[in-house]
């Protein structure tokens, strides 16, 4: 796809030192968190928007595929060059926080800025950028926007899209587009920023992002509720959310997950419990914190909670969070291969969803530990199998497909925050009609008529 | 454009009683709040989504223009059939609240539901739908979504788009599209709901909307600050918003507006004041209310506030709000014709914006009273002229164009909440490059290749 002439052309745009096509670099840029591998034909490091524009114009003319990449920490292969071509690596040069505007409570960043670096920079000024995907220590804002990343705080503070005010991006032909403003209200023209969010780099390459910031709440408190069954815990979740208080986080672990963490870390967790809920509330006044905790405790108790533990300090809070933070790594005791999905349903059907996942696990004879962000209906569902056994793998994938079907039947979505990418592309037909897929194709064609941007993603 | 054969075809879809083409109805559906007039060739009242689909399929085949219409209360001609064709009137049959889902805090409505009817229905259940455009007593949710309506509470609670979780819509060819879910997180497929919001009925006809609801705060309190100058008031606005507390509303009136209301209603308003700010805070606890009021009072006082009045009860609150609520009708004392725009800038440049509007008013020798939603940078700018004097009208329009230029120069937008429609279409080139307009055209073509949906709007 790419020959020496193309490599030379790319070097004239960005300089020799910013184009690689040696084997070592091709391997280094061939993977993401899915552990699948696709080697690109070249890796290019644009220095600025003008570079991105020049590269896209050239690649569009020569029909060369371009895959934008941040940290490569995605769970669905969004940054993998499935059809070869160029990986456009934005983390090397385009990683500056351009502005933290205190007066308007806005940050302007390049796509390669790491989420946690932004959080720290704004918190140093008393401001707050809430979206906190589990990958926050290494994932980039560009990647977060492209997948519309969620996180623990979404129940109260929403997700990445709720903070994107404006985007600058480059279309395949090289045109630079400014979408949105540093204003809360803006209804002039189509909502281009809105459609670029979660578009997985298939429509344009994002070169600058303007993010809304909020004031950092002064106080926070953690509590944990222990429940006899998943059903009762799930009822407590949606009834809490409907009570009028909105906790920052409302995370859950099922019995399999609790037992896995306990087996690995011996923390004295309640291994007989059906489920644990861990919740954070925040605010500026002690009275607000107390009020929210009282309401949550009451709703939990009304829904079968056996024990309600409130952290008295930061240390106790970290203790309560320990099980949740170590859930993902602990469940590997159930199988060497984890087929993990991030299905999301309306909160009120969480009890039914978990019941039916349990039923799938029984029928397929696989363990399916679940945990996650139940405050917004987002459940991390992990089908654990022996990765060296092809039969087990097949069973695992069948179980996952059935869980997807159940999710869609319950009014839920294939992905709450990880995206579609390559991993979930085969399941898009479960969630969308042919007419809906046609609309996606029409939009893709409108932005990228030659299909050079991240081809093959999202079943397009 | 439409002949007897077309009328007969439409009647077979929706029944004789739901198709009008008599003069009286054509006049009744020829206007909106702009007072401009364009008569359609027919008015059709679809009974349901299947009707909308049949009508669109037929009109697409026969290249007949379709203009979706809610209450016709828009300020920019969005619902006017500028190129003739059919007005698709959604307020008659498709006006049901389909569901208020207490467990998931979601409402599902048809597009013709009136904003205030929805607010009342959800408040009766202890829930809250915050977007409150000034037209809330008659404008429809479908119209609100199509223009992305704002309102008084946007500073704290955001605008219509922040509450849209899912949309069902029909494409010109008749295809029915479901976009979004009853879930906070959903990243499967492109954000179709996102791009339909504010698209002014140019991409698809919305047939059902799923809206996020929140818990209704229990307490509210109002205060007013009197300032020596607009500049000091504007500084107080953005410094309050950056202080960490977020008032529900932060409304402003300039001296011309204050004097107009006083002249009309004799309420004892401070006619020597440069500006008034009126603010509401809300919460669930008295301590929260007091804390917010203390911070606002402090910031106001630090920025030259001459008097800070706190309402002690509902009656005093209504008193403080009186001037703002009657601003729009009062300023007509300055001229029979009001050329009003809803420009929006980043809050920190509000002082400069108002200074420069003042300068425009002096140079063109017109009065330009301003008031509005300064908490989100949205200023209602009213160039007042004698409507019977063509010369005055011309001057007025030149002044407005200059104000648009200043707004864009300051990083602002042509429209915060009214939309582009017909009225602002001539100014789109001030805000967007040709490349950006081309992207809008590409998107329009992707959704509506035959350009039958609301043609001529948004400069498309």
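Chains as they are written, first to last, in my numbering: chain Y, 526 to 985; chain P, 526 to 985.
Every residue, glycine too, gets a C-beta built ideally from N, C-alpha and C.
Applying a beta-carbon distance threshold of less than 7 Å, which residues of chain P neighbour residue i?
i	result
residue 921 of chain Y	Near residue 921 of chain Y there are no residues of chain P at all, since even the closest Cβ is about 21 Å away, more than 7 Å.
residue 715 of chain Y	720, 724, 965, 968
residue 880 of chain Y	By Cβ distance, chain P contributes nothing, its closest Cβ being about 16 Å from residue 880 of chain Y, past 7 Å.
residue 767 of chain Y	627, 628, 630
Taking a contact to mean a Cβ-Cβ separation below 8 Å, would you say residue i touches residue j in this structure?
i	j	result
residue 603 of chain P	residue 671 of chain P	yes
residue 745 of chain P	residue 805 of chain P	yes
residue 606 of chain Y	residue 726 of chain Y	no
residue 655 of chain P	residue 669 of chain P	no
residue 698 of chain Y	residue 582 of chain Y	yes
residue 814 of chain Y	residue 765 of chain Y	no
residue 676 of chain Y	residue 595 of chain Y	no
residue 858 of chain P	residue 788 of chain P	yes
residue 801 of chain Y	residue 882 of chain Y	no
residue 852 of chain Y	residue 896 of chain Y	yes
residue 620 of chain Y	residue 635 of chain Y	yes
residue 803 of chain P	residue 794 of chain P	no
residue 627 of chain Y	residue 758 of chain P	no
residue 544 of chain P	residue 567 of chain P	yes
residue 748 of chain Y	residue 834 of chain Y	yes
residue 553 of chain P	residue 600 of chain P	no
residue 867 of chain Y	residue 936 of chain Y	no
Between the alpha carbons of residue i and residue j, how many angstroms are there, rounded?
i	j	result
residue 590 of chain Y	residue 705 of chain P	29 Å
residue 972 of chain Y	residue 612 of chain Y	19 Å
residue 625 of chain Y	residue 679 of chain P	22 Å
residue 1014 of chain P	residue 713 of chain Y	No statement about residue 1014 of chain P is possible, as the shown extent of chain P runs from 526 to 985 and does not include it.
residue 762 of chain P	residue 949 of chain P	28 Å
residue 957 of chain P	residue 576 of chain Y	22 Å
residue 988 of chain Y	residue 864 of chain P	Here chain Y covers residues 526 to 985 and nothing more, so residue 988 of chain Y does not appear.
residue 908 of chain P	residue 925 of chain P	7 Å
residue 701 of chain P	residue 573 of chain P	12 Å
residue 772 of chain P	residue 587 of chain Y	54 Å
residue 618 of chain Y	residue 913 of chain Y	40 Å
residue 774 of chain P	residue 740 of chain Y	17 Å
residue 828 of chain P	residue 928 of chain P	26 Å
residue 598 of chain Y	residue 856 of chain Y	20 Å
From the DSSP output, in three-state form, read off residue i for me.
i	result
residue 773 of chain P	coil
residue 564 of chain Y	coil
residue 958 of chain P	coil
residue 915 of chain Y	helix
residue 626 of chain Y	strand
residue 600 of chain P	coil
residue 883 of chain Y	helix
residue 987 of chain P	The first residue shown for chain P is 526 and the last is 985, placing residue 987 of chain P beyond what the model contains.
residue 970 of chain P	helix
residue 895 of chain P	strand
residue 547 of chain Y	coil
residue 536 of chain Y	helix
residue 696 of chain P	coil
residue 618 of chain Y	coil
residue 667 of chain Y	helix
Mind pulling the chain Y residues with CB within less than 7 Å of residue i?
i	result
residue 871 of chain P	629, 707, 708
residue 942 of chain P	710, 712
Please compile the residues from chain Y whose C-beta is within a distance smaller than 9 Å of the C-beta of residue i.
i	result
residue 937 of chain P	706, 707, 708, 711
residue 679 of chain P	709, 710
residue 901 of chain P	708, 709, 710
Check the Cβ of residue i against every Cβ in chain P and list those closer than 9 Å, keeping chain order.
i	result
residue 957 of chain Y	703, 713, 714
residue 673 of chain Y	710, 711, 712, 716
residue 684 of chain Y	709, 710, 712
Under a CB-based cut-off of 8 Å, is residue i close to chain B?
i	result
residue 818 of chain Y	The structure shown contains no chain B; the protein chains it does contain are Y and P.
Can you tell me whether residue i sits near the ligand ZN, meaning its C-beta is under 7 Å from at least one heavy atom of the ligand?
i	result
residue 705 of chain P	Absence of the ligand ZN from the depicted structure is noted, as is the absence of any ligand whatsoever, leaving it without description.
Give the interface partners of residue i over in chain Y, defined as CB-CB distance under 8 Å, in chain order.
i	result
residue 586 of chain P	The contacting residues do not exist; residue 586 of chain P stays about 17 Å from chain Y at best.
Cβ closer than 8 Å: which chain P residues qualify as neighbours of residue i?
i	result
residue 810 of chain Y	810, 812, 813, 816
residue 696 of chain Y	960, 964
Report task. State whether the stretch 687-694 of chain Y contacts the stretch 728-747 of chain Y, with contact taken as three or more CB pairs (one from each stretch) at a distance under 8 Å. Result -> yes
Requested in this report: Mind the definition here: the stretch 869-881 of chain Y touches the stretch 899-917 of chain Y only if three or more C-beta pairs lie below 8 Å; say whether that holds.
Outcome: yes
Query raised in the report: Are there three or more Cβ pairs, one per stretch, closer than 8 Å when the stretch 959-978 of chain Y is compared with the stretch 962-981 of chain P?
Result: Taking a cut-off of 8 Å for Cβ pairs, the stretch 959-978 of chain Y and the stretch 962-981 of chain P touch, as three or more such pairs fall below it.
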